[in-house]
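Take a look at the structure below.
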Amino acid sequence: MVLLSPAFGFMLVALLVPFGILLLMSLWTAQGFGFDTSLTLDNYRQLLERPIYGALMERSLSISGSVTIATVILCYPMAYYVAFHVHRNKMIWLVFITLPFWTSYLLRVFAWKVVLGYEGVINSGLMSLGLIEAPLEFLLYSQSAVVITLAHAWAAFAILPLYVSLEKIDKSLLEAATDLGDGPVARFMRITLPLSLPGVISASLLIFIPTTGDYITPALLGGPDGAMIGNLIQKQFGPINNWPMGATLAIVLMLCIAVVSGIFILLTMLVRRRIS
Amino acid sequence: MSRRAFTRSLMAAGVGMFSVPLAGRRALAASDDEATFFTWGGYDIPELFGEYKEKHGALPNFATFGGSEEALTKMRAGYVVDVSHPCNQALTRWVSSGLFQPVQTDRLAHWGDVMPELVDLPGNDAEGGNVWMAPFDWGQTSVTYRTDMFELEGEESWDMLWDERYKGRLGSLASGGDAWWCGAIKAEVDFKDIDTPEAFDKIAAVMREQRPLIRVYTDDTTTLEQALASGEMVAAMTWNSSAVLLQSEGVPVKFAKPKEGALTWVCGVMIHKDAPNLDRAYDVIDSLLSVETGKFMIGEWGYGHPSKKAFELFDDETLQGLGLSANPSNILDAGHFQIPQSQEWETKMNAMFEEIKAGF
Numbered sequence: 018m019v020l021l022s023p024a025f026g027f028m029l030v031a032l033l034v035p036f037g038i039l040l041l042m043s044l045w046t047a048q049g050f051g052f053d054t055s056l057t058l059d060n061y062r063q064l065l066e067r068p069i070y071g072a073l074m075e076r077s078l079s080i081s082g083s084v085t086i087a088t089v090i091l092c093y094p095m096a097y098y099v100a101f102h103v104h105r106n107k108m109i110w111l112v113f114i115t116l117p118f119w120t121s122y123l124l125r126v127f128a129w130k131v132v133l134g135y136e137g138v139i140n141s142g143l144m145s146l147g148l149i150e151a152p153l154e155f156l157l158y159s160q161s162a163v164v165i166t167l168a169h170a171w172a173a174f175a176i177l178p179l180y181v182s183l184e185k186i187d188k189s190l191l192e193a194a195t196d197l198g199d200g201p202v203a204r205f206m207r208i209t210l211p212l213s214l215p216g217v218i219s220a221s222l223l224i225f226i227p228t229t230g231d232y233i234t235p236a237l238l239g240g241p242d243g244a245m246i247g248n249l250i251q252k253q254f255g256p257i258n259n260w261p262m263g264a265t266l267a268i269v270l271m272l273c274i275a276v277v278s279g280i281f282i283l284l285t286m287l288v289r290r291r292i293s
Numbered sequence: 252m253s254r255r256a257f258t259r260s261l262m263a264a265g266v267g268m269f270s271v272p273l274a275g276r277r278a279l280a281a282s283d284d285e286a287t288f289f290t291w292g293g294y295d296i297p298e299l300f301g302e303y304k305e306k307h308g309a310l311p312n313f314a315t316f317g318g319s320e321e322a323l324t325k326m327r328a329g330y331v332v333d334v335s336h337p338c339n340q341a342l343t344r345w346v347s348s349g350l351f352q353p354v355q356t357d358r359l360a361h362w363g364d365v366m367p368e369l370v371d372l373p374g375n376d377a378e379g380g381n382v383w384m385a386p387f388d389w390g391q392t393s394v395t396y397r398t399d400m401f402e403l404e405g406e407e408s409w410d411m412l413w414d415e416r417y418k419g420r421l422g423s424l425a426s427g428g429d430a431w432w433c434g435a436i437k438a439e440v441d442f443k444d445i446d447t448p449e450a451f452d453k454i455a456a457v458m459r460e461q462r463p464l465i466r467v468y469t470d471d472t473t474t475l476e477q478a479l480a481s482g483e484m485v486a487a488m489t490w491n492s493s494a495v496l497l498q499s500e501g502v503p504v505k506f507a508k509p510k511e512g513a514l515t516w517v518c519g520v521m522i523h524k525d526a527p528n529l530d531r532a533y534d535v536i537d538s539l540l541s542v543e544t545g546k547f548m549i550g551e552w553g554y555g556h557p558s559k560k561a562f563e564l565f566d567d568e569t570l571q572g573l574g575l576s577a578n579p580s581n582i583l584d585a586g587h588f589q590i591p592q593s594q595e596w597e598t599k600m601n602a603m604f605e606e607i608k609a610g611f
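Protein chains in written order, with this note's numbering: chain A, 18 to 293; chain B, 252 to 611.
Here it is as C-alpha cells:
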C-alpha cells in the first residue's frame, strides 16, 4: 500500500481530477466567452442531433481500427522473426527495429508527407519508371494517408508486446506438436497464435486507444475528408470557442473507445477459449 | 463563470500545470528578458526585427497562431504575451476583451512615418491621441493562380476557386477569418449584411458548393505555395506574399484582381495589459514600423507597410506590379474591407465553417 501511494497520488492529480473537471464542464454550456454553469445535458443532446459528431466519431473509430489491424499484421512477422529465428544479440535487433521511433512523432508525420506528396518519393519514383503518367493524388490528403502514417508511427508499440509474448512460448510445445504430426501451418494456428494472443490484444489496445483521438496526423495529411474527432475537439477549444462541447466530445470519445475495447477483449477471450 | 476564473480554479485544484495555456505562463523555452511576440505563422523571422536585434543583441521570443480567433481564445484563457497581431476585423473584439493596453504613440520613434489612414480604423481610438492597435501590414486576400495551367475564362474572378474543371486542384486558407469573407464576396453578400440569417445561408451554400473542389484547407501558407509551385494546385486563396514569393522563384503565377473585388484588411500590433517586458514591447513595434522592415515587407513579400518612407524607396511601376500603392486607400477601398463583428457572430461562423469543411 505504501509502495502504491506515490503512483496513486499522481493518478489522482493527473487523471482523476482532470477527468472530473472534464465531466463537470461537459454539463455546462458556452455563453459568449464564459460558461453558463447550470448543469444540463444539452451538449449530449446536440451530439446526438447533429450528424457531424457521430460521423466523425465513426470515421475516427474506423480509421484507427484499420490502423490497428494493419499494424498488428505487419508487425507480427517481425516480432516472430526476432523471437524464433534470431539467437544472438536479440537486444541489438530490437533496438534496430525500434530505431526509427526514436525520432520525433511530428518529424515522422512530415516525412510521410514528403514520401506521399504530389512530387514525393513514391510519385516521382513511379513516374520515372514510366508506370504512371501523372502523380497519384489520392496518396496524400486522404484517409489512406492517415492510416499509412499512423501504422508506421505506432509500429514500435505493436512489435514490443508481440515480441514479449512470442518469446515466452515454450519451444518444447512446438516440438511436441511436430512430433505428433502437425505441419507448420497447423502448428502455428494451434500453438503459436493462441499463446501469443495476449501480446496481440495488448498491441491492439495500445494502438487503437491513442490513435482514435489522434489529431496531428489527420490535420497534416488527412485533407478535407480525413478529419477526425480529435481535430474537431481541438477546434472546439480553439476557434469555435465552445469548451463544454469539446469536453462532451472528449468524454463520449472515451466511452466509445472503452466500449469498443471491451467488446474486443471479450471476443478474444471467447476465441481463446474455443481454441484451447 | 469567466474563462479566466475557470483557469484560476484549475490552478487551485493543483492540475494547472497539466492543462493548456495558463495564467502567467509565458512562451516555452524562451528567454525571460526578451519581449514575446504572438503572431501569425511566418512573421517569426529575423528580417522583421533588424532594429530590435541591433539594440538587444537577440530576437524577441515568438509564439505563432494560424488564426487570430485562436490567438484571442488562448489569451483569454490566461496566456500572457507582450505584443500580438490582430487585424482590423478583430480589433473591436480584442479591445473589448479588456486584455490590452493602449499603445502610447509618443514612445514610438517611427510613429511620425505612419500613414494616418491606416490608424484611423473603427474602434482604434484610445484616449489621449493613443491607439489600441499600431498598424503594421495591410493587403489583400485573393486568388493566386498558375498562368500556365489555369485557363482563364473571361476576367479574373472569385469563380476561379469554384471552377469544376479544376476539382481537387484548388486550395483554400482554413481560417474562417479569410475564407468566410471571400465566400461572402462570391455569394454577393454586402459586408454590412454579413450578420443576417440570409447571409449565413447564402455564404454557407457557396462554401458547401466549393468544398468538394478543394484539395486542402490549411493555415500553413507554405503548403499552398509548394502545391502551386509543383502544379498540385492550379489556384488557391492566398495573401499577397505567396504570389510574390512564387514569382521570385520563377513560378508562373499571378495574384488575381477579381472583378468582384478582393478581400482587403489592415493588421497591426497590440500590447497585452500585463506585458512583462513593456519597454521591449515598444521596441518590437518600433522595429516592425522601421523603414528596413517596410522595405522587406513591400519588396520581398508584397505586403503594404505603414511607413511612408519605406514606400518612397519604390517607384510606382514596381508597386503596381506588386498590386500595391503608396496610397493605401487606393487598394483598400477598391476591394471589400472587412468590418468588425460581434463575438456571437464569430463563434457561429467558425462553428458553421468547421462543419462545412468536414463535409456537413
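Note that the Cβ used here is the ideal one computed from N, Cα and C, for glycine as well.
As the structure is a prediction and not an experimental result, all values here were calculated from the model.
**B/G292 and B/S541 closer than 8 Å at C-beta** = no
**Message:** So A/P227 contacts chain B; which residues on that side make the cut at Cβ distance below 9 Å?
**Reply:** The premise fails here: A/P227 is roughly 17 Å from chain B at the closest Cβ pair, so nothing lies under 9 Å.
**Message:** For B/T392 and B/G434, I'd like the C-alpha separation in whole angstroms.
**Reply:** 12 Å
**Request:** Can you pull the chain B residues whose beta carbon is under 9 Å from the beta carbon of A/G49, in chain order?
**Result:** Q594, E595 and T598
**Message:** Determine, for B/A435, whether the minimum Cβ-Cβ distance to residues of chain A falls below 8 Å.
**Reply:** With 8 Å as the cut-off, B/A435 does not count as an interface residue toward chain A.
**Message:** Between which two residues does the alpha helix (DSSP H) holding B/W432 run?
**Reply:** From DSSP, the alpha helix (DSSP H) with B/W432 extends over G427 to K437.
**Prompt:** Alpha carbon to alpha carbon, what distance is there between A/L32 and A/L179?
**Reply:** 28 Å
**Asked** Got a sec, what are the start and stop residues for the beta strand (DSSP E) B/S423 sits in?
**Response** L421 to L424
**Item:** Unbroken alpha helix (DSSP H) run spanning B/Q477, endpoints
**Value:** T472 to S481
**Request:** Check the Cβ of B/S481 against every Cβ in chain A and list those closer than 9 Å, keeping chain order.
**Result:** G134, Y135, E136 and P152
**Prompt:** So is A/N106 in contact with chain B if we call contact Cβ pairs under 8 Å?
**Reply:** Not one chain B Cβ lies under 8 Å of A/N106.
**Prompt:** What does a CB cutoff of less than 6 Å around A/D59 pick up in its chain, not counting 5 residues either side in sequence?
**Reply:** T46
**Message:** Using a 10 Å radius around the Cβ and a threshold of 16 neighbouring Cβ atoms, would you call B/T398 buried or exposed?
**Reply:** Of the other Cβ atoms in all chains shown, fewer than 16 fall within 10 Å of the Cβ of B/T398; this residue is therefore exposed.
**Prompt:** According to DSSP, is A/R105 helix, strand or coil?
**Reply:** coil
**Message:** Since B/T290 and B/T315 should fall inside the 8 Å C-beta cutoff, what is the C-beta to C-beta distance between them, to a whole number of angstroms?
**Reply:** 6 Å
**Item:** Against chain B: residues of the segment 51–72 of chain A by CB proximity under 9 Å
**Value:** G51, F52, D53, T54, R67, P68, I69 and A72
**Item:** N-terminal and C-terminal residue of the beta strand (DSSP E) that A/D53 is part of
**Value:** Segment G51 to D53, the beta strand (DSSP E) holding A/D53.
**Request:** Identify whether B/Y396 lies in helix, strand or coil by the three-state DSSP scheme.
**Result:** strand
**CB contact below 8 Å: A/L249 versus chain B** = yes
**Item:** Contacts that A/D242 makes with chain B (C-beta to C-beta distance below 8 Å)
**Value:** G610
**Prompt:** Any heavy atom of the ligand FAD closer than 7 Å to the Cβ of B/E368?
**Reply:** The model on display carries no ligand, and the ligand FAD is accordingly not part of it.
**Request:** Answer with buried or exposed for A/V131, where buried requires no fewer than 16 other C-beta atoms within 10 angstroms of its C-beta.
**Result:** exposed
**Asked** Since A/R62 is in the alpha helix (DSSP H), which residue starts that stretch and which ends it?
**Response** D59 to E66
**Item:** chain B contacts made by the segment 144–177 of chain A, where a contact means CB separation under 7 Å
**Value:** Per Cβ criterion, the list reads E154 and Y158.
**Item:** Close beta carbons around A/L57, own chain, < 7 Å, minus the five adjacent residues each side
**Value:** It is worth fixing the name first, because residue 57 of chain A is Thr in this sequence and not Leu. Excluding residues within five positions, the ones whose Cβ falls inside 7 Å are L44 and T46.
**Request:** Express the C-alpha separation of A/T209 and A/G4 in angstroms, rounding to a whole number.
**Result:** The requested residue 4 of chain A is not part of the displayed model; chain A covers only 18 to 293.
**Request:** Could you give the DSSP three-state label for B/P503: helix, strand or coil?
**Result:** coil
**Asked** What is the C-beta distance between B/S576 and B/D364, in whole angstroms, given that I count them as a contact (C-beta under 8 Å)?
**Response** About 17 Å separates the two Cβ atoms, so there is no contact after all.
**Message:** Taking a contact to mean a Cβ-Cβ separation below 8 Å, would you say B/D537 touches B/H307 in this structure?
**Reply:** no
**Prompt:** Counting only beta-carbon atoms, is A/P117 nearer than 8 Å to chain B?
**Reply:** no
**Asked** For the beta strand (DSSP E) that B/L514 lies in, which residues bound it at each end?
**Response** L514 to H523
**Prompt:** What did DSSP end up calling A/M42 once you bin it into helix, strand or coil?
**Reply:** DSSP places A/M42 within a helical segment (H, G or I) once states are collapsed to three.
**Member of A/P23, A/H169 and A/L40 whose CA lies at the smallest distance from the CA of A/L266** = A/L40
**Asked** At least one CB of chain B closer than 8 Å to the CB of A/I139: is that the case?
**Response** Taking 8 Å as the CB threshold, A/I139 stays off the interface with chain B.
**Asked** Comparing the C-beta of B/T392 with each C-beta of chain A, is any distance below 8 Å?
**Response** no
**Request:** Can you tell me which of A/Y97, A/F225 and A/L21 puts its alpha carbon nearest to the alpha carbon of A/V164?
**Result:** A/F225
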